[in-house]
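Heads up, the sequence shown is in the UniProt record's numbering, so the first residue is 1 and it goes up one at a time.
Presented below is the structure to which this report refers.
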Amino acid sequence: MNPPKGVVDQIHKILAKFVWGHIRGVKGKHWVAWDSLCLPKDEGGLGFRSLHDVLDALFAKLWWVFRTSTNSLWSEFIWNKYCKKWHPIMAQGIGASHVWKK
Numbered sequence: 001m002n003p004p005k006g007v008v009d010q011i012h013k014i015l016a017k018f019v020w021g022h023i024r025g026v027k028g029k030h031w032v033a034w035d036s037l038c039l040p041k042d043e044g045g046l047g048f049r050s051l052h053d054v055l056d057a058l059f060a061k062l063w064w065v066f067r068t069s070t071n072s073l074w075s076e077f078i079w080n081k082y083c084k085k086w087h088p089i090m091a092q093g094i095g096a097s098h099v100w101k102k
């Protein structure tokens, strides 16, 4: 469900180049670490959100909708596709999807 880590890292690089002022081969100045920019404003950051954290939150929200709403089209689709033989919390072993193992 989540995009590959490499894709997320590439998006982070694009965002960082924009913030640092990287223009067509001319590198901008890195005045502060990217992780510091992702801190809340009251902690000295700029309030940027880490894309990894946002994706984890969205995944948790999808899991919550799947587990709590039985009448949504999405949860019915996922249930019928993956959960016919076993409960999703019991995902173990080689054949289990990496999404359920997460």
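Note that beta-carbon positions come from the ideal geometry of N, C-alpha and C, so glycine has one too.
Boundaries (first-last residue) of the alpha helix (DSSP H) holding residue i
i   : result
E76 : 73–82
K5  : 5–20
D56 : 51–68
Cβ-based neighbour list, residue i, same chain, cut-off 7 angstroms, excluding 5 preceding and 5 following
i   : result
L51 : V8, I11, H12
Residue environment, residue i, which counts as buried when at least 16 other CB atoms sit within 10 Å
i   : result
F18 : exposed
Contacting residues, own chain, Cβ-Cβ under 8 angstroms from residue i (five flanking each side not counted)
i   : result
S36 : G44, G45
Beta-carbon contacts of residue i that lie in its chain and below 6 angstroms, excluding the five residues immediately before and after
i   : result
F48 : L37, C38
W79 : none
Beta-carbon gap between residue i and residue j smaller than 9 angstroms
i   : j   : result
K27 : W34 : no
E76 : T68 : no
L55 : P3  : yes
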